[in-house]
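Number 293 in UniProt numbering belongs to position 293 of the sequence shown; there are no gaps in the numbering.
Beta carbons: idealized from backbone N, C-alpha and C, even for Gly.
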Amino acid sequence: MNELLDPLLLARWQFGLTTVYHFLFVPITIGMATTVAIFQTAWVRTDKVVYLQLTKFFGTLFLINFAMGVVTGIVQEFQFGMNWSEYSRFVGDVFGAPLALEGLLAFFLEATFIGLWIFGWDKLPRGLHLATIWATAVGTVLSAYFIIAANAFMQNPVGFELNDEAGRAELVSIGEVLSNPVALAAFPHTIAGSFMVTAGLIIAAAAWHLKRRQFADAMRPALKFGLWLMVGSMAATFFFGDQLSLAMTATQPMKMAAAEALYDTACGADASFSLFSIGTPDGSEEIWSLRVPYLLALLSTHTLDGCVEGINDLNAEYVELWGPGDYTPIIWITYWSFRWMIGLGIAHTLVAIVGLWLTRGDRLPKQKWVWNVAIWSFPLSLLAMSVGWVFTEMGRQPWIVFSLLPTESAVSPNVTGLEVLISLIAFTVVYGVLAVVEVGLIIRAIRKGPPEIGEPDPESGVVKPTTTVY
Numbered sequence: 001m002n003e004l005l006d007p008l009l010l011a012r013w014q015f016g017l018t019t020v021y022h023f024l025f026v027p028i029t030i031g032m033a034t035t036v037a038i039f040q041t042a043w044v045r046t047d048k049v050v051y052l053q054l055t056k057f058f059g060t061l062f063l064i065n066f067a068m069g070v071v072t073g074i075v076q077e078f079q080f081g082m083n084w085s086e087y088s089r090f091v092g093d094v095f096g097a098p099l100a101l102e103g104l105l106a107f108f109l110e111a112t113f114i115g116l117w118i119f120g121w122d123k124l125p126r127g128l129h130l131a132t133i134w135a136t137a138v139g140t141v142l143s144a145y146f147i148i149a150a151n152a153f154m155q156n157p158v159g160f161e162l163n164d165e166a167g168r169a170e171l172v173s174i175g176e177v178l179s180n181p182v183a184l185a186a187f188p189h190t191i192a193g194s195f196m197v198t199a200g201l202i203i204a205a206a207a208w209h210l211k212r213r214q215f216a217d218a219m220r221p222a223l224k225f226g227l228w229l230m231v232g233s234m235a236a237t238f239f240f241g242d243q244l245s246l247a248m249t250a251t252q253p254m255k256m257a258a259a260e261a262l263y264d265t266a267c268g269a270d271a272s273f274s275l276f277s278i279g280t281p282d283g284s285e286e287i288w289s290l291r292v293p294y295l296l297a298l299l300s301t302h303t304l305d306g307c308v309e310g311i312n313d314l315n316a317e318y319v320e321l322w323g324p325g326d327y328t329p330i331i332w333i334t335y336w337s338f339r340w341m342i343g344l345g346i347a348h349t350l351v352a353i354v355g356l357w358l359t360r361g362d363r364l365p366k367q368k369w370v371w372n373v374a375i376w377s378f379p380l381s382l383l384a385m386s387v388g389w390v391f392t393e394m395g396r397q398p399w400i401v402f403s404l405l406p407t408e409s410a411v412s413p414n415v416t417g418l419e420v421l422i423s424l425i426a427f428t429v430v431y432g433v434l435a436v437v438e439v440g441l442i443i444r445a446i447r448k449g450p451p452e453i454g455e456p457d458p459e460s461g462v463v464k465p466t467t468t469v470y
């Protein structure tokens with residue numbers, strides 16, 4: 001019973017639950033804001049009504065997702081004080097700086113211009129109104145960067161000095177925090193992945209209507225856009241993921257070793273990458289695996305004869321640095337989350353490539369199962385990003401701030417396990433309800449389809465929708 005009410009364990013479960021749930025909305029918000037801006041730009045430049053329809057249609061999905069993301073994101077801030085007060089005390093001076101920039105600069109930009117975009121359709125000139133959605137899109141990307149910079153400090157602490165008397169880290173260079181090499185590598189990788197998730201939603205929405213042969217004039221270009229966006233985003237995700245692997249190897253070699261379950265240092269052909277592996281339940285020994293020679297060395301060092309440090313050697317090195325202990329993350333989680341991240345992303349891209357072939361020219365498949373695959377494949381990229389973050393955070397363990405603060409030392413000392421359990425149950429129930437609401441609203445908006453668009457006003461030239469969209 002005491003183990004079940006362990007405050008540390010429950011606090012980690014709660015933060016994991018709320019963070020992963022909140023992150024379900026983040027990539028769609030990032031990618032959809034830019035998507036809507038692109039479609040509106042196409043409308044402003046060409047005056048083609050189809051682009052206005054797509055702007056309104058995907059704008060509705062964007063707004064639903066944005067609102068839900070704001071609601072679930074607020075909880076994240078409170079948890080630092082609720083369950084992780086020791087963490088907040090230790091790194092608040094550093095961690096709070098990028099979070100403050102995110103709130104005061106990026107989110108303020110988003111909130112201001114998204115309001116102007118929603119209510120400015122009939123009040124602002126076309127060009128100025130277009131600028132509001134682009135400003136919103138810029139705000140979402142800036143917001144992502146500041147959050148990633150804060151997280152990167154937990155992976156690779158820079159720009160601080162330890163105040164031994166106060167027992168805390170203090171900021172000495174915000175520039176170093178914002179230019180953290182881990183942040184610079186993780187940011188484009190995350191943004192590219194967000195566009196994959198957005199592409200998946202665009203493909204699913206367009207496929208749902210094309211399967212029923214409705215709104216074809218709008219959904220054909222939307223489908224093509226989504227398919228090409230998926231392929232292009234996947235290429236960018238892989239490229240920037242490669243750069244992130246270099247940064248990870250340089251700053252957190254244990255995470256790279258755990259990703260491959262590499263216990264002993266290996267070089268060249270021995271530094272192979274296992275596509276699939278069967279091991280003991282605790283992940284400590286390999287029974288059988290399908291391996292690609294040299295691939296791990298290539299990913300980690302960009303050379304075929306490079307060496308990758310093993311878990312045992314790194315743990316011995318860390319014991320000398322920080323004292324006795326086990327500095328190894330949970331191997332089976334890091335190993336499989338890394339592969340699920342890659343595998344799910346590749347699977348979704350293959351769906352898009354096949355879709356481009358089947359819809360080449362003006363073709364539309366007649367088989368319903370083809371459209372069903374396009375619709376039901378939507379979660380693949382979203383799940384890939386989610387397990388990617390699980391890998392990122394679990395691979396850092398047992399540190400909450402790598403090399404500075406163990407996770408077990410960061411939990412609030414005066415919060416009981418029962419109190420955390422009650423809030424965990426409450427959040428689970430509330431988030432479950434919110435999930436039903438979110439999915440219901442998204443499905444309803446997709447089924448409704450793009451709005452009917454009236455003729456341009458003879459005096460102003462503004463095209464007004466004939467149905468209420470927002």
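- For secondary structure counted as the alpha helix (DSSP H) over 4 or more consecutive residues, the stretch 385 to 457 holds these complete runs in sequence order: 417 to 448.
- Between the beta-carbon of Tyr263 and that of Ile202 there is about 43 Å, and that puts the pair past the 8 Å contact cut.
- Ranked by Cα distance from Glu176, the first of Val351, Thr190, Phe58, Phe160 is Phe160.
- A contact is defined here as three or more CB-CB pairs under 8 Å, and the stretch 354 to 370 meets this definition with respect to the stretch 226 to 234.
- For Leu383, the CB contacts under 7 Å within the same chain, skipping 5 residues up- and downstream, are Leu344 in chain order.
- Non-local beta-carbon contacts of Ser386 in its own chain, meaning distances under 6 Å to residues more than five positions away in sequence, involve Val20 in chain order.
- Here DSSP, grouped into helix, strand and coil, assigns Ala216 to helix.
- Rounded to whole angstroms, the separation of the alpha carbons of Tyr318 and Glu165 is 25 Å.
- The beta carbons of Leu210 and Ala445 sit no closer together than 8 Å.
- Contact between the stretch 8 to 18 and the stretch 35 to 51 is absent: fewer than three C-beta pairs spanning the two stretches fall below 8 Å.
- A distance below 7 Å between beta-carbons, with the five flanking residues on each side excluded, links Ala149 to the following residues of its chain, in chain order: Pro98, Val177, Leu178, Asn180, Ala183.
- With 16 or more other Cβ atoms inside 10 Å of its own Cβ, Gly73 counts as buried.
- For Ala218 against Pro450, the beta-carbon gap comes to about 5 Å, under 8 Å, which counts as contact.
- If you keep only unbroken alpha helix (DSSP H) runs of at least 4 residues inside the stretch 238 to 321, you get 253 to 260, 295 to 301.
- For Trp84 and Met254, the gap between their C-alpha atoms comes out near 24 Å.
- In this structure, DSSP gives Glu110 a helical state, which the three-state scheme calls helix.
- Leu299 has its alpha-carbon roughly 32 Å from the corresponding atom of Trp376.
- Taking C-beta atoms as the reference points, Phe90 and Arg168 count as a pair closer than 8 Å.
- When the Cα atoms are used, Asp326 and Leu314 turn out to be separated by approximately 10 Å.
- By the criterion of at least three beta-carbon pairs nearer than 8 Å, the stretch 181 to 200 is in contact with the stretch 235 to 245.
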